[in-house]
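Chemist: Residue numbers (this note's numbering), protein chains in the order written: chain A, 11 to 269; chain B, 11 to 269; chain C, 11 to 269; chain D, 11 to 269.
Note that beta-carbon positions come from the ideal geometry of N, C-alpha and C, so glycine has one too.
In this text the structure is predicted, and so the values were computed from the model without any measurement.
There are 4 protein chains.
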Amino acid sequence: MLTVIDLNSDVGESFGRWRSGDEEILPFVTSVNVACGMHAGDPVHMDEIVGKACDLNLAIGAHPGFPDLQGFGRREMTLSPREIETYVLYQVSALSGFALSHGSHLTHVKPHGALYNMAVIDDKIARAIALGVARAGEHLVLVGLPGSCLLQAADVLGLPAAAEAFADRAYNSDGTLVKRGLPGSIIEDPDEAAKRALDIALRGTIKSIDGKEIPIPARTICVHGDTPGAVEMGRTIRRRLESAGVILRSLKELAGLRK
Amino acid sequence: MLTVIDLNSDVGESFGRWRSGDEEILPFVTSVNVACGMHAGDPVHMDEIVGKACDLNLAIGAHPGFPDLQGFGRREMTLSPREIETYVLYQVSALSGFALSHGSHLTHVKPHGALYNMAVIDDKIARAIALGVARAGEHLVLVGLPGSCLLQAADVLGLPAAAEAFADRAYNSDGTLVKRGLPGSIIEDPDEAAKRALDIALRGTIKSIDGKEIPIPARTICVHGDTPGAVEMGRTIRRRLESAGVILRSLKELAGLRK
Amino acid sequence: MLTVIDLNSDVGESFGRWRSGDEEILPFVTSVNVACGMHAGDPVHMDEIVGKACDLNLAIGAHPGFPDLQGFGRREMTLSPREIETYVLYQVSALSGFALSHGSHLTHVKPHGALYNMAVIDDKIARAIALGVARAGEHLVLVGLPGSCLLQAADVLGLPAAAEAFADRAYNSDGTLVKRGLPGSIIEDPDEAAKRALDIALRGTIKSIDGKEIPIPARTICVHGDTPGAVEMGRTIRRRLESAGVILRSLKELAGLRK
Amino acid sequence: MLTVIDLNSDVGESFGRWRSGDEEILPFVTSVNVACGMHAGDPVHMDEIVGKACDLNLAIGAHPGFPDLQGFGRREMTLSPREIETYVLYQVSALSGFALSHGSHLTHVKPHGALYNMAVIDDKIARAIALGVARAGEHLVLVGLPGSCLLQAADVLGLPAAAEAFADRAYNSDGTLVKRGLPGSIIEDPDEAAKRALDIALRGTIKSIDGKEIPIPARTICVHGDTPGAVEMGRTIRRRLESAGVILRSLKELAGLRK
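1. Contact between the region 150-169 of chain C and the region 197-209 of chain C: three or more CB pairs below 8 Å?
2. Check each candidate in 22(A), 89(A), 93(A), 79(A) and name the one with the smallest Cα separation from residue 73(A).
3. Measure the CB-CB distance between residue 232(D) and residue 178(D) and report whether it falls below 9 Å.
4. I need the straight-line Cα distance from residue 268(B) to residue 172(B), nearest angstrom please.
5. I'd like the ranges of any alpha helix (DSSP H) spanning at least 4 consecutive residues and lying wholly in the region 184-257 of chain A.
6. Can you tell me the Cβ-Cβ gap for residue 168(D) and residue 122(D), rounded? I've got them flagged as a contact below 8 Å.
7. For residue 81(D), which residues in chain A fall below 7 Å Cβ to Cβ?
8. DSSP puts residue 87(A) in a beta bridge; with which residues?
9. When DSSP labels each residue in this structure, what does residue 109(B) get in the three-state scheme?
10. The beta strand (DSSP E) with residue 16(A) in it runs from where to where?
11. Excluding the 5 residues flanking residue 257(D) on each side, which residues of the same chain have their C-beta closer than 6 Å to its C-beta?
12. Does residue 104(A) pass the burial test, meaning 16 or more other C-beta atoms within 10 Å, or should it be called exposed?
13. Got a sec? Which residues, its chain only, sit under 7 Å from residue 218(A) by beta carbon, not counting five neighbours each side?
14. Against residue 77(B), what residues of chain D qualify as contacts under a CB-to-CB distance less than 7 Å, listed in chain order?
15. Could you have a look at residue 114(D) and say whether DSSP puts it in helix, strand or coil?
16. On the three-pair Cβ rule with 8 Å, is the region 236-252 of chain C touching the region 36-53 of chain A?
17. Are the region 57-76 of chain B and the region 26-37 of chain B in contact at 8 Å, needing three or more beta carbon pairs?
18. Which runs of the alpha helix (DSSP H) at least 4 residues long sit entirely within the region 42-84 of chain B? Give them in chain order.
19. What did DSSP end up calling residue 151(D) once you bin it into helix, strand or coil?
20. Quick one: give me the first and last residue of the alpha helix (DSSP H) that residue 180(A) is part of.
21. Look at the Cβ atom of residue 17(D), then the Cβ atom of residue 244(D), and state whether they are nearer than 9 Å.
22. Per DSSP, residue 119(A) forms a beta bridge with which residues?
23. Measuring only between beta-carbons, confirm whether residue 100(C) sits less than 9 Å from chain B.
24. Could you please give me the residues that DSSP links to residue 174(D) through a beta bridge?
25. Closer than 6 Å by C-beta to residue 115(D): which residues in its own chain qualify, once you throw out the five before and the five after it? Chain order, please.
26. Taking the continuous alpha helix (DSSP H) assigned at residue 137(D), which residues delimit it?
27. Closest to residue 133(C) by C-alpha separation, out of 100(C), 29(C), 164(C), would be which residue?
28. Under 7 Å between beta-carbons, which chain D residues line up against residue 145(C)? List them in chain order, please.
29. Over what stretch of residues does the alpha helix (DSSP H) that includes residue 169(A) continue unbroken?
30. Taking any Cβ of chain A, which residues in the region 25-47 of chain B have a Cβ under 8 Å from it, in chain order?
31. Mark residue 238(C) as exposed unless 16 or more other C-beta atoms lie within 10 angstroms of its C-beta, in which case mark it buried.
32. Is residue 142(C) closer than 9 Å to residue 188(C) when the C-beta atoms are compared?
33. Report back the beta-carbon spacing between residue 54(B) and residue 93(A) to the nearest angstrom; my notes put them in contact at under 8 Å.
34. Give a yes or no on whether the minimum CB-CB distance between residue 95(A) and chain C is below 9 Å.
35. Taking only the alpha-carbon atoms, compute the straight-line gap between residue 140(D) and residue 111(C) and give it to the nearest angstrom.
36. Taking the alpha-carbon positions, what's the residue 130(B) to residue 158(B) distance?
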């Protein structure tokens, strides 16, 4: 059986003097989602990370979030659909300029933080995001949770989409993520995370926090780049997938192949 | 003698609940410079004003400024050349996305406020701006004061450029603007401003504050849209130019025809 | 029967070049709630408005809001109680410095926009606000909707409180405000608003949008200062109250006399 | 000979998810200068650090800066004297509220970054800062470079002041600091820095970068808390000073004893 999957990471989150160190994860992933300045990132760091991602031939995507530097885009905000649509268009377009000037172009868009989470269950928000992305470019792949309103909105608008799974996050048995902060929500052991990545890639399943095996159809696996053990986690997951014969391909190559 | 000139205005400066009212000037100009969110403007208002400018077939340009909402981009900041280059690329690209999604595209870039003024005399800043613009698109026309470092930097990089004159600002006899706040620095009488616009368009000259006639080679004349009498000023200038047989053409049509 | 009431207005909302014009309402009110820089206001304008309020011997209060300049504090944000408590303490303290340096001091605190509305029904938010206010000074009067969680939280912490009514907003029959944007939510006719102010002051009642007379125990009536007809509205309400023998006293004088 | 000196550090610079780790330096200093939210810091972190400083009985001061989170207050901005005065008053007052609510109060104010440097040589800026501090409280000690315009402005306004020296920064022979970024500008060896601290404390001198012994009258020595070796540096300097019989006293105890 041929199994092809993408590994993505959220990067470019450095802001002014604050360094996230997320560029360390680049050698281990095939796609990156770059912060665009509203919740994190700034033009200098966007330029740097896009340049590095180009050198490694990674697929480059935008990672738009709420305009909330202090809360890092992790605090819910009640914006109008029109605000969300235009904020997304703004951020994706800004990043797109950096990609183009490095001789590349954007492949995909993955919302960040609270915006990502709200788009799982809120159809209005999901459609506003998808509309902003569609306006930025009809070829852009929308990345979201399988079964989310966001991926449904991509379908409605005819946008390509990619379902995403998390190797280092615990799942409830309904396929949603165990909320950050709850016990066991984060998998910190690289071996455990790699085992879960293998299950996702090879079998399309993951074991939920209460021990059930649930289906997780995913085209891309997220590896976090901003945690202490991120590099080791990324290296371990990549090695295991490759050892098991899983073929890694970026969203550039996988676009349209949505599971 | 055939005389062709552009009338431009700085617009899109509304921010959240704050409305500049600058969309009132649109019917009287041929090109607009749209704020990009760092010193003024926000994605919702950028989208609105770009849509209106498209309806009127105006040339759309970016109006990037310093990241200083509180100071409206009018306070000097000492940024590194790399910061300036990437901040310009960021802002121009963000606005470009709105223009593209309305089926149009950007024609030009005109720096705002303190950034514009610093680029008149500071070669490092001028080159950083020009580099940011060149990275956003080699076809973009850079708009600046005649004789400024900014227009020289455009030449160095092979960017098209357009020299700009102000019908409603007083000039020193060396061709620089009389600083805002000094007595007589702003021309408030529409008739007087229109007379000056005619001199600029037909004779390429303007009378300085100490009474000398000085050469002002200009391809575009700026009309301010955010002052109380802006609409009356715009209407009067436009009428007089047209009555005198001056042909108004936007920077879309004039690009490359730098005086 | 002796009737004493306060008239308050939200002011100091100017930000950089953006002028709200809300200082025009000062002569018609007895207390002001001054924006503190997070959703609106800046140090220069805070200083100006506090100076003017001192000259008129008005009671000066803080008007803290969410950190959201673009949304003017009118967009809900999900902050932790600790964030809300410290954001309130920060804003109240900053404004307090201006009052003290003008030889005055703060009398009260009234949350702004989405923070105010959320504190009506969310007990955790209400307590976080009250805690922040208590830390800024136990003498500070907390202003809120009658029956709100906010006023209950003031009771729990032993803070003085003042119930507030709106002469220019429609009410549902359960005593809550008809949401902005719904038809009839805003009373624009000064005479109608003045009539309602009289009902509030003299009878402690208001007519709801569906025609019922409901009890509105209020120690202070809010008059908006940032709408086109604000001055006329303020003047009319004040005159009518005074003509009817209602005694106007600021929250400085009324503190502790909660209805 | 009795020698008494203060050790101060800039702290409270964490912002949202970004942690500076500067609270590690607290056990080794006697006074802290706390960021106030404009260039760094946020209400949650201000509250935390002020609480810790109170537990250790440190003198607490404000560390106001330019409103520039992206530039960390290290980029020069051309603000009007009125803006500087009110921005300082705002920041000092905000922090003051946290100190008061922890049962303490502010002792001093030390401007941050570009604002500090500009106040060395620009008299207008220095006076605007001093005026803002005076309005926040006449007892507040203004901390600055010996011979700076800032300390002169303190004199003019009758504010107490404390001259500051840097153990880990190189000096030019005219008593100014060697600019950051130039070779040798930062002393990274704790022993070398401690030796310099001893010279400052015991002899009132320091060796300049070109080998001259120059007078540095200082009441307080700054120890940086945000660099990798900060803790080791702080520990070494403190031990050496104490071993040599230097008495460490905070600015709370030294106020008025300006050298």
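Modeler: In terms of the structure at hand:
1. no
2. 22(A)
3. yes
4. The pLDDT assigned to residue 268(B) is 48, lower than 50, so where the model puts this residue is not dependable; a value taken from the coordinates is nonetheless given after this. Computed Cα separation, rounded: 5 Å.
5. 200-208, 240-253
6. 24 Å between Cβ atoms; not a contact.
7. What residue 81(D) touches in chain A: 26.
8. 87(C)
9. helix
10. 14-21
11. The beta carbon of residue 257(D) sits closer than 6 Å to those of 14, all from its chain and outside the five residues before and after it, given in chain order.
12. buried
13. 181, 182, 183, 224
14. Per Cβ cutoff of 7 Å: 80.
15. coil
16. no
17. Segments in contact, yes.
18. 53-65
19. Strand at residue 151(D).
20. Unbroken run through residue 180(A): none, as it is neither H nor E.
21. yes
22. 72(A), 152(A)
23. no
24. In DSSP, residue 174(D) forms a bridge with 230(D).
25. 109
26. 133-146
27. For residue 133(C), the closest alpha carbon among the candidates 100(C), 29(C), 164(C) is that of 164(C).
28. 111
29. No alpha helix (DSSP H) holds residue 169(A); DSSP gives it neither H nor E.
30. 47
31. exposed
32. no
33. 6 Å
34. Closer than 9 Å: no.
35. In this model, residue 140(D) and residue 111(C) are separated by some 14 Å (Cα to Cα).
36. One alpha carbon belongs to residue 130(B), the other to residue 158(B), and they sit about 4 Å apart.
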